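*Asks:* Here it is: the structure, laid out below.
2 protein chains.
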Amino acid sequence: MNTLTVQLGSRSYPILIGAGLLTRGDLIQEHVPGRDILLVSNTIVGPLYATALKKGLGDRRIVEVTLPDGESHKTLATVSRMLDVLVTNRFARDCTVVALGGGVVGDMAGFAAACYQRGVAFVQVPTTLLAQVDSSVGGKTGVNHPGGKNLIGAFHQPSAVIADTETLKTLPVRELRAGLAEVIKYGLICDEELFTWLEQNMEKLLAHEAAELTYAIHRSCEIKAEIVARDEREQGDRALLNLGHTFGHALESVTGYTKWLHGEAVGAGLLMAATMSSESGLMPAASVERLRKLLVRAGLPTEARELKPDTVLEHMRIDKKVKSGRIRLVLMRAIGGSFVTADYPDAALRRTLEAHLG
Amino acid sequence: MNTLTVQLGSRSYPILIGAGLLTRGDLIQEHVPGRDILLVSNTIVGPLYATALKKGLGDRRIVEVTLPDGESHKTLATVSRMLDVLVTNRFARDCTVVALGGGVVGDMAGFAAACYQRGVAFVQVPTTLLAQVDSSVGGKTGVNHPGGKNLIGAFHQPSAVIADTETLKTLPVRELRAGLAEVIKYGLICDEELFTWLEQNMEKLLAHEAAELTYAIHRSCEIKAEIVARDEREQGDRALLNLGHTFGHALESVTGYTKWLHGEAVGAGLLMAATMSSESGLMPAASVERLRKLLVRAGLPTEARELKPDTVLEHMRIDKKVKSGRIRLVLMRAIGGSFVTADYPDAALRRTLEAHLG
Chain A
1 MNTLTVQLGS RSYPILIGAG LLTRGDLIQE HVPGRDILLV SNTIVGPLYA
51 TALKKGLGDR RIVEVTLPDG ESHKTLATVS RMLDVLVTNR FARDCTVVAL
101 GGGVVGDMAG FAAACYQRGV AFVQVPTTLL AQVDSSVGGK TGVNHPGGKN
151 LIGAFHQPSA VIADTETLKT LPVRELRAGL AEVIKYGLIC DEELFTWLEQ
201 NMEKLLAHEA AELTYAIHRS CEIKAEIVAR DEREQGDRAL LNLGHTFGHA
251 LESVTGYTKW LHGEAVGAGL LMAATMSSES GLMPAASVER LRKLLVRAGL
301 PTEARELKPD TVLEHMRIDK KVKSGRIRLV LMRAIGGSFV TADYPDAALR
351 RTLEAHLG
Chain B
1001 MNTLTVQLGS RSYPILIGAG LLTRGDLIQE HVPGRDILLV SNTIVGPLYA
1051 TALKKGLGDR RIVEVTLPDG ESHKTLATVS RMLDVLVTNR FARDCTVVAL
1101 GGGVVGDMAG FAAACYQRGV AFVQVPTTLL AQVDSSVGGK TGVNHPGGKN
1151 LIGAFHQPSA VIADTETLKT LPVRELRAGL AEVIKYGLIC DEELFTWLEQ
1201 NMEKLLAHEA AELTYAIHRS CEIKAEIVAR DEREQGDRAL LNLGHTFGHA
1251 LESVTGYTKW LHGEAVGAGL LMAATMSSES GLMPAASVER LRKLLVRAGL
1301 PTEARELKPD TVLEHMRIDK KVKSGRIRLV LMRAIGGSFV TADYPDAALR
1351 RTLEAHLG
């Protein structure tokens, strides 16, 4: 078992990574202060893993909520349903919300935990690669609004993240690819070595090789934990984690969160950020090409010809990264050399959108 | 102008108390980081003060939301409406939510500010005595659930609290009385001197005497700020501020938040807490009588004969102060000597409910 710590003073918490951790009830119990647990999963993950997880939890009162699967259900209405269950079962402030599933389950269960009685304990048991390398770590919780992604939410750190790599065996390959987009992102942000390693090991990752997946998860969490510890509430450096996301969120939003998996949109978004960096004269075109090749090998989309540049631009403007009317972007000087800026030629943004869209 | 500071490290903020502050736009502007302001008020307060407040805000984009008046509208649905307005107007993360009104407006506007883009700036301009002495200070925001009061919410500290004592001139006397319940509470918690001062000045307060009201607000905020600074998230001492509230919340909840003003329910709740303290052999009956007299002089209710003890007890059990099945209460050893406990005779609770209810 691999252990990392997200350093946030009194709210520090461990990330545990390893095969079979989901059945290790002792690991979870340590972070459950009271008697009552709300176990949140979805219609796909619940039937696969809820029984195994519950077995380890011993003598607790466990109430289950099974959410519909998919980003299109990540709404305030779904969170409201969870809150109703908490109230109806008279859960007290010492209860714990356990999220068993991917990013959508974790984001919503975390937001319910943040809002119920102004904050109750929360444990993440991510079962997708994307959730294990990204969304379960760092305390961002929330839901989408018809007007934009993750516009409603809270910062609410979990008490623990328990990533069982065995669960990836049942993960559809499309979801595995989507998760790899976030791993590639970490390489692009600050770790060219990781990027090169991905170029060498992409096929092993796609073949679910345990050692390679564990390394990718560990290194991703390490980078994310380090950035979150430096800037929990995204006043500065944490914005780096949004590399590819301002483009990606717009792609998801324009298509009503139904066509693209989040990681797929991020994949295309990463390439758009790279193109934009090249169009702005920051990064050599050869690096953009290197990224394109890696994304193609990961089976990720690199364009969206069916979408209009103007429509996507419109959706980018409502993103949280807009500051006083100007869209802030994460751009790159090199692979592993990203930075946040609002200072770029508007024409480059236009050319970038036209290069990848309809 | 009186100034106090709530000491919370980097999130410290001022409480400004004085006559005419609402028109002092400069005081508010200092705490508004960006161009966009959502001004939240209700159908009663908006028409009275929104124009004066806006005049001082200068060259900002101000969008107004006017909520229906009353605790029965303090719901997730109303907050959702505010979030829709924020999204529809494409407000960015540097926007500010300004709450102009009483506790209900402040609690909901604050919760919307907490959730929008995971937290935007928030300024409280309380216009009721209750909001000025209690709810606008300390960062508790949220809404009611049909199953209980304030069960959904967030801790989200304001950037400033601006209490204009002039606004109390238009406050109905029933609301003034309700606010005085919270002032009496501070005396009971930790300041017998304040309690004695209230016994000497109750008529002046009810006659809207400016100097006396300002003193009562200042001293109340001072006590609250000190307790909040010590225990922002109610892990310990902050629970003292719930004196009378576990009883009071149940009275409000049983009656569907329509019959009692919050302060009225707290008034009756304070006396129930005192009776309970006496029934448990903690406080002399003479002190209970002293409190009863003061409440009667303030025009506050001291009983609720139309409610059944069993029904109220049932509603107390879903309160946030329940820990592992046991209701935690704030009791008193003396006026000014309150403490939190779950260690009391159940028979005393039963006798207390029977002494004040049907």
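In the order they appear, the protein sequences are chains A and B. For the first sequence, the numbering used here assigns the number 1 to the initial residue and increments by one for each residue that follows. For the second sequence, the numbering used here assigns the number 1001 to the initial residue and increments by one for each residue that follows. Positions of the beta carbon are idealized from the N, C-alpha and C atoms, including for glycine. Predicted model, so just to flag it, every value in this text is computed and none were measured.
Span of the alpha helix (DSSP H) holding A/LEU357?
*Replies:* Here residue 357 of chain A refers to the residue found at position 357 when the first sequence is read from its first residue. Here A/LEU357 belongs to no alpha helix (DSSP H), and DSSP marks it neither H nor E.
*Asks:* Looking at B/VAL1266 and B/LYS1185, is the spacing between their C-beta atoms short of 8 angstroms?
*Replies:* Locating residue 1185 of chain B in the second sequence gives position 185, where the first residue counts as 1. Locating residue 1266 of chain B in the second sequence gives position 266, where the first residue counts as 1. Yes, Cβ-Cβ distance for B/LYS1185 and B/VAL1266 is below 8 angstroms.
*Asks:* Interface residues of chain A around B/VAL1322 at Cβ under 7 angstroms?
*Replies:* Mapped onto the second sequence, residue 1322 of chain B falls at position 322. Here the neighbours are ALA92.
*Asks:* My assumption, with CB atoms under 8 angstroms, is that B/ALA1077 sits in contact with B/VAL1137. Please give the rounded CB distance.
*Replies:* For this step, residue 1077 of chain B is matched to residue 77 along the second sequence. For this step, residue 1137 of chain B is matched to residue 137 along the second sequence. Going by Cβ atoms, the distance from B/ALA1077 to B/VAL1137 rounds to 26 angstroms, so no, they are not a contact pair.
*Asks:* Three or more beta-carbon pairs under 8 angstroms between the stretch 1309–1327 of chain B and the stretch 1284–1296 of chain B, yes or no?
*Replies:* No, the stretch 1309–1327 of chain B does not touch the stretch 1284–1296 of chain B.
*Asks:* Should A/PRO345 be labelled buried (16 or more other beta-carbon atoms within 10 Å of its own) or exposed?
*Replies:* Here residue 345 of chain A is taken as the residue at index 345 of the first sequence, counted from 1. Flag for A/PRO345 reads exposed.
*Asks:* When you compare only the Cα positions, how much space is there between A/SER10 and A/GLN157?
*Replies:* Counting from one through the first sequence, the residue named residue 10 of chain A turns up at place 10. Counting from one through the first sequence, the residue named residue 157 of chain A turns up at place 157. Using only the alpha carbons, I get a separation of about 11 angstroms.
*Asks:* If I follow the unbroken alpha helix (DSSP H) through B/GLY1103, where does it start and stop?
*Replies:* As a working mapping, residue 1103 of chain B is identified with position 103 in the second sequence. Here the alpha helix (DSSP H) through B/GLY1103 covers 1103–1115.
*Asks:* Can you give me the C-alpha to C-alpha distance between A/GLU232 and B/ALA1298, rounded to a whole angstrom?
*Replies:* Walking along the first sequence from the start, residue 232 of chain A turns up at place 232. Walking along the second sequence from the start, residue 1298 of chain B turns up at place 298. Those two C-alpha atoms are separated by around 47 angstroms.
*Asks:* With 7 angstroms as the C-beta to C-beta threshold (strictly closer), list the residues of the stretch 83–115 of chain A near chain B in chain order.
*Replies:* Under the 7 angstroms Cβ criterion, the stretch 83–115 of chain A contributes LEU83, VAL87, THR88, ARG90, ALA92, ARG93, ASP94, ALA114 and CYS115.
*Asks:* What I want to know is whether the C-beta of A/ILE62 ends up closer than 7 angstroms to one or more non-hydrogen atoms of the ligand PLP.
*Replies:* This structure lacks the ligand PLP, and indeed carries no ligand of any kind.
*Asks:* Relative to the alpha-carbon of A/LEU176, which residue among A/LEU261, A/CYS95, A/GLU222 and A/LEU67 has its alpha-carbon at the smallest distance?
*Replies:* Along the first sequence, one-based indexing puts residue 176 of chain A at 176. Ranking the options by Cα distance to A/LEU176, first place goes to A/LEU261.
*Asks:* Find out if the Cβ-Cβ distance for the pair B/GLY1263, B/LEU1130 is shorter than 8 angstroms.
*Replies:* Counting from one through the second sequence, the residue named residue 1263 of chain B turns up at place 263. Counting from one through the second sequence, the residue named residue 1130 of chain B turns up at place 130. Cβ atoms of B/GLY1263 and B/LEU1130: closer than 8 angstroms.
*Asks:* Need the endpoints of the alpha helix (DSSP H) that A/GLY179 sits in, please.
*Replies:* Taking the first residue of the first sequence as position 1, residue 179 of chain A is located at position 179. 173–190 is the extent of the alpha helix (DSSP H) around A/GLY179.
*Asks:* Among B/ASP1319, B/ARG1292, B/SER1280 and B/ALA1216, which has the Cα closest to the Cα of B/ARG1350?
*Replies:* Within the second sequence, the letter at position 350 stands for residue 1350 of chain B. Minimum Cα distance to B/ARG1350 is reached at B/SER1280.
*Asks:* Should A/VAL143 and A/VAL125 be called a contact, given that it needs their Cβ atoms to be closer than 8 angstroms?
*Replies:* In the first sequence, counting from the first residue as 1, residue 143 of chain A sits at position 143. In the first sequence, counting from the first residue as 1, residue 125 of chain A sits at position 125. For A/VAL143 and A/VAL125, no; Cβs fall outside 8 angstroms.
*Asks:* Take A/VAL228 as the anchor and find which of A/ASN2, A/MET1, A/THR3 and A/GLN7 has the nearest alpha-carbon.
*Replies:* Indexing the first sequence from 1 puts residue 228 of chain A at position 228. When only C-alpha atoms are compared, the closest one is A/GLN7.
*Asks:* Below 6 angstroms CB to CB, which residues in the same chain sit around B/ALA1114 once its five sequence neighbours on both sides are set aside?
*Replies:* For the purposes of this step, residue 1114 of chain B is taken as residue 114 along the second sequence, with counting starting at 1. Cβ neighbours of B/ALA1114 beyond the five flanking positions: THR1141, ALA1154 and HIS1156.
*Asks:* Look at the alpha carbon of A/TRP197 and the alpha carbon of A/GLY25, and state the distance between them as a whole number of angstroms.
*Replies:* As a first step, residue 197 of chain A must be located in the first sequence, where it is residue number 197. As a first step, residue 25 of chain A must be located in the first sequence, where it is residue number 25. If you take the alpha carbons of A/TRP197 and A/GLY25, they lie about 34 angstroms apart.
*Asks:* Among B/PHE1247, B/LYS1259, B/LEU1251 and B/THR1255, which has the Cα closest to the Cα of B/ALA1273?
*Replies:* Sequence index remark: in the second sequence, residue 1273 of chain B carries index 273 (1-based). Ranking the options by Cα distance to B/ALA1273, first place goes to B/PHE1247.
*Asks:* Which chain A residues sit within Cβ distance under 8 angstroms of B/PHE1155?
*Replies:* In the second sequence, the residue the question calls residue 1155 of chain B occupies position 155. Neighbours of B/PHE1155 on chain A, chain order: ARG118 and GLY119.
*Asks:* Express the C-alpha separation of A/VAL340 and A/LEU171 in angstroms, rounding to a whole number.
*Replies:* For this step, residue 171 of chain A is matched to residue 171 along the first sequence. For this step, residue 340 of chain A is matched to residue 340 along the first sequence. When rounded, the distance between both Cα atoms is 33 angstroms.
*Asks:* Going by alpha carbons, who is nearest to B/SER1253 out of B/ARG1093, B/THR1128, B/ASP1107 and B/GLU1071?
*Replies:* The residue you call residue 1253 of chain B lines up with position 253 of the second sequence. Minimum Cα distance to B/SER1253 is reached at B/GLU1071.
*Asks:* Alpha carbon to alpha carbon, how far is A/CYS95 from B/ARG1326?
*Replies:* Within the first sequence, residue 95 of chain A is the residue found at index 95, counting from 1. Within the second sequence, residue 1326 of chain B is the residue found at index 326, counting from 1. Taking the straight line joining both Cα atoms gives about 14 angstroms.
*Asks:* Could you tell me which whole alpha helix (DSSP H) segments of length 4 or greater appear in the stretch 1135–1169 of chain B?
*Replies:* With a minimum length of 4 residues, no continuous alpha helix (DSSP H) run stays inside the stretch 1135–1169 of chain B.
*Asks:* For the candidate residues B/ALA1211, B/ASN1242, B/GLU1199 and B/ALA1304, whose alpha-carbon lies nearest to that of B/THR1165?
*Replies:* Walking along the second sequence from the start, residue 1165 of chain B turns up at place 165. With distances taken between Cα atoms, B/THR1165 lies closest to B/ALA1211.
*Asks:* Kindly indicate which three-state DSSP category A/ASP36 falls into: helix, strand or coil?
*Replies:* By 1-based counting over the first sequence, the position of residue 36 of chain A is 36. Here A/ASP36 sits in strand by DSSP.
*Asks:* Quick check: what's the CA-CA separation for A/THR43 versus A/LEU251?
*Replies:* Locating residue 43 of chain A in the first sequence gives position 43, counting from the first residue. Locating residue 251 of chain A in the first sequence gives position 251, counting from the first residue. Cα to Cα, A/THR43 sits roughly 26 angstroms from A/LEU251.
*Asks:* Starting from A/MET276, trace the alpha helix (DSSP H) in both directions and tell me its first and last residue.
*Replies:* Reading the first sequence from its first residue, position 276 is the one you call residue 276 of chain A. Its alpha helix (DSSP H) spans residues 262–279.
*Asks:* Hey, how far is the Cα of A/THR167 from the Cα of A/THR127?
*Replies:* Residue 167 of chain A sits at position 167 when you count from the first residue of the first sequence. Residue 127 of chain A sits at position 127 when you count from the first residue of the first sequence. If you take the alpha carbons of A/THR167 and A/THR127, they lie about 6 angstroms apart.
*Asks:* Taking 8 angstroms as the CB-CB cut-off, is A/ILE318 touching chain B?
*Replies:* To locate residue 318 of chain A, count along the first sequence from 1; it is residue 318. Taking Cβ atoms only, chain B reaches closer than 8 angstroms to A/ILE318, which makes this a yes.
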